[in-house]
Structure formats: structure tokens, C-alpha cells
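Let me begin by presenting the structure, written as C-alpha cells, before commenting on it.
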Amino acid sequence: MKNRNTWISIFVILWTLLFHYESIRYFYLNPLFHRNLPQMKFLFPPAGWIMFFNVGESYGLAQVYGVKNHHVEEIDPHRIFETKAVLYDNIHRNVLSGILDSFQKPAFCKFLNRKFPQYDEFLIIGSYYPSVIKEPGRKLSRVQYTCP
Amino acid sequence: MSISVSKIWNRLFLEERPSIGLSFFRIFVALTVGLHVLPSFFHLDDNYLSTAFKNYNLHFFTPEVIELVQKSPDAVVMAFVGVFGLSCFFFLIGFFAQISCIVMTMACYYFYALNCFHIGTLSWDILLVTLFLMCLTNVHGDYFSVDCLRRGNTDAYKTQRPFFIQRLLQMQIASTYFYTALYKITASGNWLTDNPLYYLWNYPPEGVTKQFLFREFFAARPELCHVIAVAIVVTELALGFLLFIPRTRIAAIIVGFIFHILLVLTLHVPTIFFFLFPPQLLLFIDPDGIIRWIDRKRRQHETTGQAKIIYDGHCGFCRKSLDILKTMDLFNYLKTVDYQTSADMSTLHPALTKEACHSQLHLIEPDGRLSGGFFIFRRICWRFPMLFSLIPVFYFPGSNLLGPLVYRWIAKNRYLFHSNEVCKDNKCFL
Numbered sequence: 011m012k013n014r015n016t017w018i019s020i021f022v023i024l025w026t027l028l029f030h031y032e033s034i035r036y037f038y039l040n041p042l043f044h045r046n047l048p049q050m051k052f053l054f055p056p057a058g059w060i061m062f063f064n065v066g067e068s069y070g071l072a073q074v075y076g077v078k079n080h081h082v083e084e085i086d087p088h089r090i091f092e093t094k095a096v097l098y099d100n101i102h103r104n105v106l107s108g109i110l111d112s113f114q115k116p117a118f119c120k121f122l123n124r125k126f127p128q129y130d131e132f133l134i135i136g137s138y139y140p141s142v143i144k145e146p147g148r149k150l151s152r153v154q155y156t157c158p
Numbered sequence: 004m005s006i007s008v009s010k011i012w013n014r015l016f017l018e019e020r021p022s023i024g025l026s027f028f029r030i031f032v033a034l035t036v037g038l039h040v041l042p043s044f045f046h047l048d049d050n051y052l053s054t055a056f057k058n059y060n061l062h063f064f065t066p067e068v069i070e071l072v073q074k075s076p077d078a079v080v081m082a083f084v085g086v087f088g089l090s091c092f093f094f095l096i097g098f099f100a101q102i103s104c105i106v107m108t109m110a111c112y113y114f115y116a117l118n119c120f121h122i123g124t125l126s127w128d129i130l131l132v133t134l135f136l137m138c139l140t141n142v143h144g145d146y147f148s149v150d151c152l153r154r155g156n157t158d159a160y161k162t163q164r165p166f167f168i169q170r171l172l173q174m175q176i177a178s179t180y181f182y183t184a185l186y187k188i189t190a191s192g193n194w195l196t197d198n199p200l201y202y203l204w205n206y207p208p209e210g211v212t213k214q215f216l217f218r219e220f221f222a223a224r225p226e227l228c229h230v231i232a233v234a235i236v237v238t239e240l241a242l243g244f245l246l247f248i249p250r251t252r253i254a255a256i257i258v259g260f261i262f263h264i265l266l267v268l269t270l271h272v273p274t275i276f277f278f279l280f281p282p283q284l285l286l287f288i289d290p291d292g293i294i295r296w297i298d299r300k301r302r303q304h305e306t307t308g309q310a311k312i313i314y315d316g317h318c319g320f321c322r323k324s325l326d327i328l329k330t331m332d333l334f335n336y337l338k339t340v341d342y343q344t345s346a347d348m349s350t351l352h353p354a355l356t357k358e359a360c361h362s363q364l365h366l367i368e369p370d371g372r373l374s375g376g377f378f379i380f381r382r383i384c385w386r387f388p389m390l391f392s393l394i395p396v397f398y399f400p401g402s403n404l405l406g407p408l409v410y411r412w413i414a415k416n417r418y419l420f421h422s423n424e425v426c427k428d429n430k431c432f433l
């Protein structure tokens, strides 16, 4: 019994230290020690528990257009990523914005060409609302890359 | 001083307390994992196979692990789908609870490393922390599980175990609330200096905010949005402490429930926020209090009358089945009566005969209502929490025809399942 309690106590202490270390490492400890402290991989989020911690008045999203016979049409993002989550819509969580980085181009173009063979070309558009408060209707868009 | 510290430490983590709360929580962990991961399997070609579009979480995994997992041929991916499905189901029903938890968690890691695009979210990382703690112990299989039925211990509901896992899970959710609030008001958080809710509720229709009732009303009132934002931060900060104070605990749990319901109603947030966190709040309910409440209900049934289940005491299979039913019988609703040792069955119920009792199980409820065979299960499934999930099965259209047939076949061949050699050829039935 004593042996068991010792092991439990050691685990509890180590776990508690690790949990709180990883909870504050990125935003509090790194600035305090002016360096990137070691991160525990495989278990904790990289920057602590930062759900909705900073919400700005701008909003960005990705849009995908298919081109066929020089006719351009927007593809519903739910057709691109068809996975339906329970009780929420992943597309509204802006998962599509992950494709905007240019390093994603080869993989995403390959994916689009497989999924939508009916189109000749795809335009990947990054759209941006500079301020949903001051200019609610204003949306800036630009082509991030194209998929032949 | 050292004695009191040791006493507090003992009380917090080492003391043995009933594990029923953790067993109940296991069901919700399994459901949450299943509901989060399984939908991504419906489009394997989009999500995990070689044709998928993939994203990798290099903050969470090392490049070596990502590389290794990416080498998986499609057949291995399919095999992991099977492993995940099976282990998640076993974990849900508590069949080899610890092993199934470990296997399911490993499968979760595999799919997370394979493609974090759909399943990888901050709340998913929280869930993995929870799973890690659940993997450490088999305590969550003590009750509401096939494991407890296999052991056949009728007192399984009050099994005492070291409290440390439940305490760490309590600390995990309380700390998550606390840090979430802390980040909102310090670091780069802007919940006090700016008006994030006002922005969220004015986001375009494509955004993360759902079209909930009165959204336009709130979206047009920045001051009100700010007040609500401050209230949210205060609530999150306070919850981390109020949950640990006995006098405020129940109120804090209710506030937590409301908080999560509102979150799911207003924002597109992962299922985890709804299916994991509220049940995790229930881990704060004193397990000794739960056992006292159950024991009160058990005593109540003993004094106000139990239902009598009439069985064949010569049938080992029946005795074994009754043991399983008694283990499930959390509120001590059933009293078992062996008709082989009862002289006159009509004293129990006028319609009962030895022949009738020989052919199938019978249930006499406290109000005198008599049912037999399959229909017993329809009656008791409302009384046994472990059978709640089977209510739709027992009442499924057509089950009143198919159920009795299946029951009759098993009842007729029950001596074939007999451990007694004399009855192994089913002759005892004749």
C-alpha cells in the first residue's frame, strides 16, 4: 500500500508540474526566460489553452473556383471537404483557410483535380474582410494560386 | 504540520473512494471520441487514404513520427479504421476497459498524425490529455461495463479505488477554464481591452458564429457584448475555484452546463465541448454521496417491495444470467426466487405453475403485474441504468415478434450452456 501511494504521489506531482508548465510555457514562460523552453511533444497543445482568446474585427477565408470552358463558378466548400461533423460545421470553423499557403498548392491541386475532374482549372482565392464593424460589406479578394 | 499536509494529500489523491463516477465518465469519453473521429471515416479517400489532402501538426508530433505514419499503405489505414472502431466500441461498453482505452488512444494518435485537417483542434488536444489519464488505469471499468458483469460482483457499483485519476481529471478541467480565461485577459488576449464578442457576432455568414436567436440584437449592441464578454471571463475564472468548494459545487456545475450549451448553440465548436466537458464537470460530485444515494434507493426497494424474478435454479446458465442481472441491478429492484425450491408457485402469483416457470423466466412486479420471457427485459430495462442504452433495441418495431423467438430458442437450449456435465445434453429440459 505504501509503495503504491509513493508511486501515485510521484506521478501526481510530475503530472501537475508538467500540465501547468505546458499550460503557461508559450505565452508566459518563454517571454520570461527570453527563449523557447523545451516543449513536451505528443500530449499538450503547443501554445496552451487559448480558445478564442484573441478575436479581431477582420476576418479571412478561402474560396475555390472551378473553371470550365472559360466559365468560372464557386465550388461549395462542403463539396470540397464533405466530412460532416456532429453538431457543428467544420467549414464554418474555417478549415478551408488552411489551403491558402502556397506550400499547400501541389497537394491541394492534386486533390481538387481528383475530386472535380469536370473542371479545367481552379482558382484559389483568399478573401478578407478588413473590418466586420467599420466596413461590414467590404471584402477584398485575390488569387492566391491557380491549379492547372 | 507535516501530518496535516500528509492528511490533505491523502484525502486529495490517495484515499480510496467509489469509482462509479469515473465509470460513468468513461461512457462519455468513448462517445466523444467516436463522435469526433468516426465522421471522418465516411470519406476515407478525402481524409486518410493516399488520395487525401493532408495537413500535419508538427507542433504536436515530431517529423519522424509524421514521416513514419505517412508511409502507411491504404491497407494499413483501413486496418486502423477497424482497430479504432472496435476499440472505441469496447471502451464504450467497458470490455477490457483499460486495454481498449489504450488501443483506441493509439489509433487516435495514428489518425491525428496521418491527417490533422479534420480532427485536430485545440479541444482535441484537451481530449488527448483526458485519454492519457484514462489509459493509466482500469478503474473506469469498475461499473457500467462488461468487465463488471464478467466479474459478477453485485457490489461492483461501490468499488473503492485510489482517487487520484478522478482528482487529476477534476484539476484538468478546472485549470482549463482558468487558463482559458487568463489567456483572454493577459498574453495577447483582447477580451478586456477590445470587444471580441461584438466582432464574433458581426462575422460574415461564412464565419464561426451560428445564426442563433437574437444574434442581430446582440450584434447591434457593442456595450452589451462587452458586458457579456466580461461575464464569460469572470465565469471561467471563477469556475476553476467554485468547483472545488463543496457549498458552491452544484451551482458551478449547473453554470458550467449552461455555459457549454450556450457555446454549442452560438458557435461552430467541436463536439468535444458538448460531449466531454459537461460530463467531466460531473466528476466533481462526491462519489461517496452518490453511493449513499444509491444505497438509500436500494433500501427503499427492499422495504417498499421488490420485483420477484422466478428462475430455474437447476440451470447453471440461468443462475449465471441472474448473477449478471443482479450486478446490473443498481437499485436492488429484483429479488430472485428459485422455483425448484418453492413448494407452491401460486402463492407468488395465481397464474404461475411449475411448468410455466420451467419454460421461461417470470417477473412479478410489486403491483402484481406478471410478465415472462423476452418481455421481462422490456420491463426491467427502465429500472437498470446499464440497460438504458438497450431500450431502443427492446422496443424496436418487430422486436416483440423476434425477441420472444430468440428468447424461446435460448430458454429451450439453456442446458446446453450448462456447466454441469449431467445436463450438458440438454436432457434436464425434458
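Quick mapping for you: the protein sequence lines, in order, are chains A and B. The first sequence lines up with residues 11 to 158 when you count with the numbering used here. The second sequence lines up with residues 4 to 433 when you count with the numbering used here. We put the beta carbon where it would ideally sit given N, CA and C, even for glycine.
Assign residue i to one of three DSSP states: helix, strand, or coil.
i, result
"S151/A", "strand"
"L433/B", "Interpretation of L433/B is limited by its pLDDT of 43, a score under 50 that renders its predicted location unreliable; no figure is taken from the coordinates."
"R45/A", "coil"
"P158/A", "coil"
"I235/B", "helix"
"L27/A", "helix"
"T65/B", "coil"
"K78/A", "strand"
"D145/A", "Per the sequence presented here, residue 145/A reads as Glu, with Asp not at that position. Looking at E145/A - three-state DSSP - the assignment turns out to be coil, as it is neither helix nor strand."
"I413/B", "helix"
"G24/B", "helix"
"F167/B", "helix"
"I109/A", "helix"
"Q343/B", "helix"
"S402/B", "helix"
"Y182/B", "helix"
With burial defined as no fewer than 16 other Cβ atoms inside 10 Å of the residue's Cβ, what is the status of residue i: buried or exposed?
i, result
"M11/A", "exposed"
"W59/A", "buried"
"W127/B", "buried"
"L433/B", "Confidence at L433/B is low in this model, with a pLDDT of 43, below 50, so the placement of that residue is unreliable and no value is reported for it."
"M50/A", "exposed"
"S90/B", "buried"
"G401/B", "exposed"
"V8/B", "exposed"
"R302/B", "exposed"
"R35/A", "buried"
Which residue's Cα is closest to the Cα of residue i: the options?
i, options, result
"F378/B", "L136/B, Y398/B and D291/B", "Y398/B"
"I248/B", "A177/B, L364/B, G371/B and L337/B", "A177/B"
"I96/B", "A33/B, M137/B and H361/B", "A33/B"
"T381/B", "G37/B, L404/B and F220/B", "A small fix is needed here, since residue 381/B is Arg in this sequence, not Thr. Here the closest residue by C-alpha is L404/B."
"P146/A", "E67/A, A117/A and F43/A", "E67/A"
"K323/B", "L125/B, R154/B, Y160/B and V72/B", "R154/B"
"P127/A", "P48/A, P55/A and G76/A", "G76/A"
"F56/B", "H121/B, C104/B and V84/B", "H121/B"
"F147/B", "G308/B, D315/B and S26/B", "S26/B"
Do residue j and residue i have their beta-carbon atoms positioned less than 7 Å apart in this structure?
i, j, result
"I135/B", "V22/A", "First, the residue type needs correcting, since residue 135/B is Phe and not Ile in the sequence shown. No, the pair does not count as a contact, with Cβ atoms beyond the cut-off."
"E84/A", "Q73/A", "yes"
"G192/B", "N64/A", "yes"
"L203/B", "T196/B", "no"
"I383/B", "V340/B", "no"
"L71/A", "S112/A", "no"
"N118/B", "Y180/B", "no"
"H271/B", "Y98/A", "yes"
"L337/B", "A310/B", "yes"
"T274/B", "F215/B", "no"
"S88/A", "I109/A", "First, the residue type needs correcting, since residue 88/A is His and not Ser in the sequence shown. No, they are not a contact pair."
"L286/B", "L172/B", "yes"
"F64/B", "A110/B", "no"
"Y201/B", "P225/B", "yes"
"P282/B", "H263/B", "no"
"N335/B", "H304/B", "yes"
"S46/B", "E32/A", "Sequence inspection shows His at residue 46/B; the Ser mentioned does not correspond to that position. No, they are not a contact pair."
"L133/A", "V105/A", "no"
"I18/A", "F167/B", "yes"
"L279/B", "T35/B", "yes"
If we count Cβ pairs, one from each stretch, closer than 8 Å, do we get three or more for the region 109 to 126 of chain A versus the region 140 to 148 of chain B? no
The region 47 to 63 of chain A in contact with the region 180 to 197 of chain B per 3-pair CB rule at 8 Å: yes
Open item on the list: Counting beta carbon pairs with one atom in the region 32 to 47 of chain A and one in the region 238 to 253 of chain B, are three or more of them shorter than 8 Å?
Closed with: no
*Given 8 Å as the limit, is there contact between the region 20 to 31 of chain B and the region 73 to 88 of chain B, that is, 3 or more CB pairs closer than that?*
no
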